[in-house]
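Just so you know, the sequences run in chain order A and B. Here the first sequence is numbered in our numbering, starting from 2 and rising by one per residue. Here the second sequence is numbered in our numbering, starting from 2 and rising by one per residue. Note that beta-carbon positions come from the ideal geometry of N, C-alpha and C, so glycine has one too.
Protein chains: 2
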Amino acid sequence: MARTAGSHSDITGPRVLDAAMRLFARHGYAAVSMRQIAKEVGVQAGALYNYTPDKQSLLSDLMRRHMDDLLAARAAHRHPGTALEKLEEFTRFHIRYHLDRSDEVFIAYMELRNLTPENFIAVEALRRRYENELESILRQGAEEGVFAITDSRIETMAVIAMLTGVTTWYRAEGRLSADEVEGIYWDMVRKAVSV
Amino acid sequence: MARTAGSHSDITGPRVLDAAMRLFARHGYAAVSMRQIAKEVGVQAGALYNYTPDKQSLLSDLMRRHMDDLLAARAAHRHPGTALEKLEEFTRFHIRYHLDRSDEVFIAYMELRNLTPENFIAVEALRRRYENELESILRQGAEEGVFAITDSRIETMAVIAMLTGVTTWYRAEGRLSADEVEGIYWDMVRKAVSV
DNA sequence: CTTTGATTTGAACGAATGTTCATATAAATT
DNA sequence: AATTTATATGAACATTCGTTCAAATCAAAG
């Protein structure tokens, strides 16, 4: 018996997913070859198959992990309170979380069509659970009489689209800090859904 | 001399761009082969090169044409008026236009990274011109004292992201008509930027 | 040091890629 | 009917693709 601990797979394994994430985010899943990923890791293409059964699994693993992490992080931030308090918390959480992980977010939104049907269904279900968090906040606000909700599903999608869009233009070295961006978006979200 | 009029290229030419648009929107530029496009047109792959110098030109032509059409349509709708009137006009125009051309819009937002650097610069400049239309409306509203603008560039991007997001979930056969969707989004946009 | 087995290499596989081109087809002018 | 030329074919090109696998490598256990 040998090589149970201290083997390279502990190191190479994560690096494969890491390289795949960076390359998929930059060039797109279909445009990235297994050989490019291998080169980024510093290994031959054949070695990748010790860590993934195929290329498709790299993509679906990245997506599932992202959605799982997002849902877990969100659950950790959830507190009881008024709808307005919850909405502010959700807004600030969403922006902060997405700014910190622009690569994962980019992949999660751009590469859905490159998922196998079954993988797509699984990832879509996780995404739907996250969206439902916001929708139930908006519904609570409507019951409290503080939010003007015509169709809670549409308002949910509109708010999420607005918030997630921040990843397409925000640069850490840019004019505004993440805190300032958070504040501006929170102002807009609050006004957009308020009565 | 022969074949100046009535030749097949009048028919095949547009069909090539049309097939490319549909397939790029569905599967992504990198995932679509010239042979798939040819099959959709009902022709052999070699014949495509009577209508495009290469695959990249198909993408950049689609994008430029879309941005040109968008800017021209927008120019045709532009009227003098208050900032609020202009914003409503912009909002309704944007949603209506984007709902009618979901394939073009999808490509224009998803395939930017597959453009050659020079093509990217050209398309990005057109997109920027369109965004500037909205930004100047927001600035006018700030001067009039009716809009609360902290950073006009951010508010511009936020509004556009929210509006464009409608293409990701709207289905013509769905629960709501385009008119109803327009109305809901206009309510949200107006409130989001108002003082 | 030898053994053991996890890890990596490097070559090979068939299939698919974008593009080219000589050849064939067919429509419109002469 | 003969000629001309735009259009399309179908085979071929050099690469690259995802994936497999026997053989080499190498670190830890005995």
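Beta-bridge pairing of residue i - partner residues as DSSP gives them
i, result
"PHE148/B", "SER195/B"
Min CB distance residue i to chain B below 8 Å
i, result
"LEU135/A", "no"
"MET158/A", "yes"
"ILE151/A", "Inspection of the sequence shows that residue 151/A is occupied by Thr rather than by Ile. Chain B, which has a Cβ nearer than 8 Å to the Cβ of THR151/A, makes this yes."
"GLY7/A", "Caution applies to GLY7/A, whose pLDDT of 40 falls short of 50 and renders its modelled position unreliable; the value that the coordinates give is listed next. No, no contact with chain B."
"HIS28/A", "yes"
"ILE155/A", "yes"
"LEU18/A", "no"
"LEU177/A", "yes"
"MET163/A", "yes"
"GLY14/A", "no"
"GLY82/A", "no"
Residue from the options whose Cα sits closest to the Cα of residue i
i, options, result
"THR168/B", "ALA32/B, HIS95/B, GLU156/B", "HIS95/B"
"GLU41/A", "ARG16/A, LEU59/A, VAL147/A", "ARG16/A"
"ASP152/A", "MET163/A, ARG140/A, GLU125/A", "ARG140/A"
"GLU105/A", "LYS192/A, SER61/A, ARG129/A", "SER61/A"
"ARG154/B", "ALA126/B, VAL124/B, GLY146/B, GLU134/B", "GLU134/B"
"ALA21/A", "ILE12/A, ASP11/A, SER34/A", "SER34/A"
"THR83/A", "ALA32/A, PHE148/A, PHE25/A", "PHE148/A"
"ILE150/B", "VAL190/B, LEU127/B, ILE12/B", "VAL190/B"
"GLY166/B", "LYS87/B, GLY47/B, LEU100/B, ILE122/B", "LEU100/B"
"HIS67/A", "HIS28/A, ALA31/A, ILE108/A", "ILE108/A"
"ALA48/A", "ILE12/A, ALA26/A, ALA74/A", "ILE12/A"
"THR157/A", "ILE38/B, ALA159/B, THR157/B, MET163/B", "MET163/B"
"GLY43/A", "GLU125/A, LEU71/A, GLY14/A, TYR30/A", "GLY14/A"
"ALA74/B", "ALA26/B, PRO54/B, PHE91/B", "PHE91/B"
"ALA143/A", "SER178/A, SER195/A, TYR98/A", "SER195/A"
"ALA59/A", "GLU86/A, ALA76/A, GLY29/A, ALA77/A", "Contrary to the premise, residue 59/A reads as Leu rather than Ala in this sequence. Nearest C-alpha to LEU59/A: GLY29/A."
"TYR131/B", "GLU145/B, ALA76/B, VAL182/B, GLU181/B", "ALA76/B"
"TYR110/B", "LEU18/B, ASP19/B, ALA26/B", "ALA26/B"
"LEU63/A", "TYR50/A, ASP19/A, ALA39/A, HIS80/A", "ASP19/A"
"GLU188/B", "LEU113/B, ARG176/B, LEU85/B", "In the sequence on display, residue 188/B carries Asp and not Glu. Residue LEU85/B is the option with its Cα nearest to ASP188/B."
"LEU116/A", "LEU88/A, ARG172/A, ARG65/A, SER103/A", "ARG65/A"
"TYR98/A", "GLU112/A, ARG114/A, HIS78/A", "HIS78/A"
Min CB distance residue i to chain A below 8 Å
i, result
"TYR186/B", "yes"
"GLY146/B", "no"
"MET199/B", "Missing from the structure shown is residue 199/B; chain B here goes from 2 to 196 and no further."
"MET2/B", "Note that MET2/B scores 41 on pLDDT, short of 50, meaning its location in the model is unreliable; the coordinates nonetheless yield the value given after this. Cβ-Cβ to chain A under 8 Å: no for MET2/B."
"ASN115/B", "yes"
"LYS192/B", "yes"
"GLY142/B", "no"
"VAL182/B", "yes"
"SER195/B", "yes"
Worksheet item: What are the complete alpha helix (DSSP H) segments, minimum 4 residues, inside the stretch 53-81 of chain A?
Response: 56-78
Worksheet item: At a Cβ cut of 7 Å, what residues of the stretch 32-63 of chain A count as close to chain B, listed as they run along the chain?
Response: ALA32
Worksheet entry | Proximal residues, the stretch 90-113 of chain B versus chain A, C-beta separation under 8 Å | MET111
Worksheet item: Along the chain, which unbroken stretches of the alpha helix (DSSP H) at least 4 residues long are found entirely within the stretch 95-123 of chain B?
Response: 103-111
Discussion item. Give the list of continuous beta strand (DSSP E) stretches no shorter than 3 residues that lie fully inside the stretch 130-194 of chain B.
Written reply: none
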